[in-house]
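Visitor: In order, the protein sequences belong to chains A and B. Using this note's numbering, the letters of the first sequence map in sequence onto residues -2 to 269. Using this note's numbering, the letters of the second sequence map in sequence onto residues -2 to 269. Would you mind keeping the following structure in view while I ask a few things?
There are 2 protein chains.
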Amino acid sequence: MFQGLTAQEAARPSGGPLDDLSRRPKRPKDGADSEAWAPVIGLPPSTDAYRLLPRFRTGDRRMPVGRDLFRIGETSKSIFNLLSGWVAVYTLLEDGRRQIVHFALPGAVMGMPTSNGAKISYGAQALTEVVVSVIPNTVLTTVLKDDPEVSMRLASTLARDTSIAYDHMTSIGRRTARERVAYLLLELFTRHRAQWPGNSIEEMVIPLTQEQIGDATGLTFVHVNRVLSTLRKDKIVHFHYRRLRILDPDRLIEVAGVDPQTAMSWFERRST
Amino acid sequence: MFQGLTAQEAARPSGGPLDDLSRRPKRPKDGADSEAWAPVIGLPPSTDAYRLLPRFRTGDRRMPVGRDLFRIGETSKSIFNLLSGWVAVYTLLEDGRRQIVHFALPGAVMGMPTSNGAKISYGAQALTEVVVSVIPNTVLTTVLKDDPEVSMRLASTLARDTSIAYDHMTSIGRRTARERVAYLLLELFTRHRAQWPGNSIEEMVIPLTQEQIGDATGLTFVHVNRVLSTLRKDKIVHFHYRRLRILDPDRLIEVAGVDPQTAMSWFERRST
DNA sequence: CGGATCATTGATCATAGTCAAACCGCGTGG
DNA sequence: CCACGCGGTTTGACTATGATCAATGATCCG
């Protein structure tokens, strides 16, 4: 499991030649990926709230941990509407360096084809077992014609993805390691929590290894570990083997460098 | 000029307390910003190619260098369709650290409201004199109802923004300083060049200071300067006072860590 | 129970940041 | 037309954040 997003030589050229570095195969092959997708028979009813197209159910698929929904370099023939579970959206550099650019939660739409029709530059992999509604482009086009409501929702959802990406980019580009990790945990906590309104549990399972946190924050897993230790020592958050416990929300917000006002608003509305 | 995106104490907390750092006003006030927008009388005909709504012209506005199209914290009432010029889309942290998350070129759509209706977390500022079509949300909603073609183009454009953001994020999170700068210059060169098809001029004006390049790449302007010196010394690119000259495209692609295949495709299609 | 994955810790190094000073290009006004 | 000044660039000396390399431990799961 987690095959595709597993370690490997995290080669990092030091401004020097790239060529003498051992390269990681662009697409680590793993058994699971070659299996056919499983159509879904019975679904948890709650997933309906996350559908982009409420009447379209024939595209539902269940996929196991580690499965790629789509891969770098493919040309999108369908879009993927996540109904349950977690998905990592990621990019790769030639030499195997990896960046997780987004953690998709239920409601997310992934793989929308771009205006210039180019190959897709990122991939998406299930971090947990997931249920996805796979919507063929042809279907989407048709629905967009008939239902302006869907158009608007799709555009808004895509705009939100961009906005989240911008915030994430800011984190990576301008925050310190400690701030980045705090920001990510806060983001995941609030986004996840927004899906169970009224649920103020301060402990949750985040299906991520420290290496994946590193890939999302632009850090090495070793450094992520050190940062997490200090956050634990400072009694702010406790993250250990995928279990996250927020010990001091206020200080977490402070360390993350998030305006408290904004942070509070995160705790209100549903957010993909 | 460039008021809003001008230096200032680029305070950078070193994991230590943030509080004893001098703070930059969140919104440096400058005269230009308070002026009213100028409606446009005569436009260069070519701008039409970049319109999201071909028949909607009453929203056209011309704005000078340094003007904010919209600002962090506003609630979007209109979207902005750039027709000519360059715009920097940026975010700010509390203490003044800044990240430029996108350089918008003609054809771009900015300020699309998100699904959760939250305040917009980024701002947009003109880097050159620009012409923008300001489209009120109400107009957009109406057009989306009547014209599914527009819906599809809007969605594709937004998807492309996300894709560019993901690539940019990868650069900041996983590339070295040298690679990041090379990547950005390559990206700007190809995107800009795609707008004048057939124009293979290897010299162009990029309306950016080294500080702005730093803000886009997550580096300090001092380090950007050093990197640019080495790129110049290595006869790869020459960037000096806003003039960019590509000396060795192949090596630039190599340093940027872009797959040559992909790089070539960038030289083909129009791309916002 | 045992192997694999994931986490932790230490020692050392390098990339990029910080601080500071000087320089250059260009527009402006005397 | 030249001096001035401001924004932008360049360079140097020093520091520090986070990477690298390496070894050991903990946890999970079949």
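Where a beta carbon is used, it is the ideal one built from N, C-alpha and C, also for glycine.
Go ahead and pull the three-state DSSP assignment for Val252 (chain B).
Guide: In this structure, Val252 (chain B) counts as helix in the three-state DSSP scheme.
Visitor: Residues in its own chain within less than 6 Å of His165 (chain A) by CB, not counting five upstream and five downstream?
Guide: Result list for His165 (chain A): empty, nothing under 6 Å.
Visitor: Residues in its own chain within less than 7 Å of Ala162 (chain A) by CB, not counting five upstream and five downstream?
Guide: Counting only Cβ-Cβ distances below 7 Å, and skipping sequence neighbours, we find Val98 and His99.
Visitor: Here's a check: name, in chain order, each residue in its chain whose Cβ is nearer than 6 Å to the Cβ of Glu91 (chain B), leaving out the five neighbours to either side.
Guide: If we look at Glu91 (chain B) and ignore the five residues flanking it on each side, it has no Cβ neighbours.
Visitor: How would you list, in chain order, the residues of chain B whose beta-carbon sits under 7 Å from the beta-carbon of Met109 (chain A)?
Guide: Going along chain B in sequence order, the residues near Met109 (chain A) (Cβ under 7 Å) are Ala152 and Ala156.
Visitor: Could you name the residues of the stretch 47 to 66 of chain A whose beta carbon sits closer than 8 Å to any beta carbon of chain B, in the order they occur along the chain?
Guide: Going along the stretch 47 to 66 of chain A in chain order, one finds no residue with a Cβ nearer than 8 Å to chain B.
Visitor: Can Ala253 (chain A) and Tyr180 (chain A) be called in contact, C-beta distance under 7 Å?
Guide: Yes. Within cutoff.
Visitor: Is Gly108 (chain B) buried or exposed, if buried means 16 or more other CB atoms sit within 10 Å of its CB?
Guide: Flag for Gly108 (chain B) reads buried.
Visitor: Taking a Cβ distance cut-off of 8 Å, strictly less, list which residues of the stretch 158 to 173 of chain B are near chain A, in chain order.
Guide: Answer set for the stretch 158 to 173 of chain B: Asp158, Thr159, Ser160, Ala162, Tyr163, Asp164, His165, Met166, Thr167, Ile169, Gly170, Arg171, Arg172 and Thr173.
Visitor: So is Tyr238 (chain A) buried or exposed if we call it buried at 16+ other beta carbons inside 10 Å?
Guide: Exposed: under 16 other Cβ atoms inside 10 Å.
Visitor: CA-CA distance, Ser226 (chain A) and Ser160 (chain B)?
Guide: C-alpha separation (whole angstroms): 34 Å.
Visitor: Go to Phe186 (chain A), then tell me how far its beta strand (DSSP E) extends in each direction, as first and last residue.
Guide: Careful: Phe186 (chain A) lies outside any beta strand (DSSP E), inside the alpha helix (DSSP H) at Ala174 to Arg190.
Visitor: Quick check on the DSSP output: the alpha helix (DSSP H) that includes Asp143 (chain B) runs from which residue to which?
Guide: Looking at the DSSP string, the run of the alpha helix (DSSP H) that includes Asp143 (chain B) is Asn134 to Asp143.
Visitor: Nearest-angstrom Cα distance between Leu79 (chain B) and Val128 (chain A)?
Guide: Those two C-alpha atoms are separated by around 38 Å.
Visitor: Taking Cβ-Cβ distances shorter than 9 Å, what residues in chain A pair up with Gly270 (chain B)?
Guide: Here chain B covers residues -2 to 269 and nothing more, so residue 270 (chain B) does not appear.
Visitor: Taking one C-beta from the stretch 108 to 120 of chain B and one from the stretch 74 to 89 of chain B each time, how about it: are there three or more such pairs within less than 8 Å?
Guide: Counting Cβ pairs under 8 Å, three or more are found: they touch.
Visitor: Please name the residue or residues paired with Ser278 (chain A) in a DSSP beta bridge.
Guide: Only positions -2 to 269 of chain A appear in this structure, which leaves residue 278 (chain A) out of reach.
Visitor: Taking 7 Å as the cut-off, decide whether the C-beta atoms of Pro61 (chain B) and Glu126 (chain B) are in contact.
Guide: Taking 7 Å as the Cβ cut-off, Pro61 (chain B) and Glu126 (chain B) qualify as a contacting pair.
Visitor: 7 Å is my cut-off, CB to CB: does Gln258 (chain A) come that close to chain B?
Guide: It does not; no Cβ of chain B falls within 7 Å.
Visitor: State the start and end residues of the unbroken alpha helix (DSSP H) segment that holds Ile210 (chain A).
Guide: From DSSP, the alpha helix (DSSP H) with Ile210 (chain A) extends over Gln207 to Thr214.
Visitor: Do Ile243 (chain A) and Val234 (chain A) have their CB atoms nearer than 7 Å?
Guide: Closer than 7 Å, so yes.
Visitor: Enumerate in chain order the residues of its own chain whose CB-to-CB distance from Ile169 (chain A) is below 6 Å, with the five nearest sequence positions on each side excluded.
Guide: Only Gly215 meet the Cβ criterion.
Visitor: Starting from Thr88 (chain B), trace the beta strand (DSSP E) in both directions and tell me its first and last residue.
Guide: Val84 to Leu89 is the extent of the beta strand (DSSP E) around Thr88 (chain B).
Visitor: Residues of chain A with CB under 8 Å from Met201 (chain B), in chain order?
Guide: Correct list: empty, because the minimum Cβ distance to chain A is about 20 Å.
Visitor: Is DSSP giving Ser118 (chain A) helix, strand or coil here?
Guide: Note: Ser118 (chain A) maps to coil in three-state DSSP.
Visitor: Taking the beta strand (DSSP E) that Ala101 (chain A) belongs to, which residues open and close that run?
Guide: Arg95 to Ala101 is the span of the beta strand (DSSP E), which, as asked, contains Ala101 (chain A).
Visitor: On the DSSP bridge list, what partners appear for Leu151 (chain A)?
Guide: According to DSSP, which records beta bridges pairwise, Leu151 (chain A) is partnered with nothing at all.
Visitor: Short check: CB of Arg171 (chain A) to CB of Gln96 (chain B), under 7 Å?
Guide: Yes, Cβ-Cβ distance for Arg171 (chain A) and Gln96 (chain B) is below 7 Å.
Visitor: Go ahead and pull the three-state DSSP assignment for Arg68 (chain B).
Guide: Arg68 (chain B): coil per DSSP, three-state reduction.
Visitor: With which residues is Thr123 (chain B) paired in a DSSP beta bridge?
Guide: Position check: residue 123 (chain B) holds Ala in this sequence, whereas Thr was assumed. B:Val84.
Visitor: Contact between the stretch 130 to 138 of chain A and the stretch 60 to 75 of chain B is defined here as three or more beta-carbon pairs at a separation below 8 Å; is this criterion met?
Guide: Judged by Cβ distances under 8 Å, the stretch 130 to 138 of chain A makes no contact with the stretch 60 to 75 of chain B, as fewer than three pairs qualify.
Visitor: I need the DSSP call for Asp57 (chain A), collapsed to helix, strand or coil.
Guide: Looking at Asp57 (chain A) - three-state DSSP - the assignment turns out to be strand.
Visitor: So Glu273 (chain B) contacts chain A; which residues on that side make the cut at Cβ distance below 8 Å?
Guide: Lying before the first or after the last residue shown, residue 273 (chain B) is absent from chain B, which here runs from -2 to 269.
Visitor: Hey, Arg175 (chain A) and Val224 (chain A): beta-carbon distance below 7 Å or not?
Guide: Yes, Cβ-Cβ distance for Arg175 (chain A) and Val224 (chain A) is below 7 Å.
Visitor: Does the separation of the CB atoms of Thr111 (chain A) and Ser153 (chain B) fall below 7 Å?
Guide: Closer than 7 Å, so yes.
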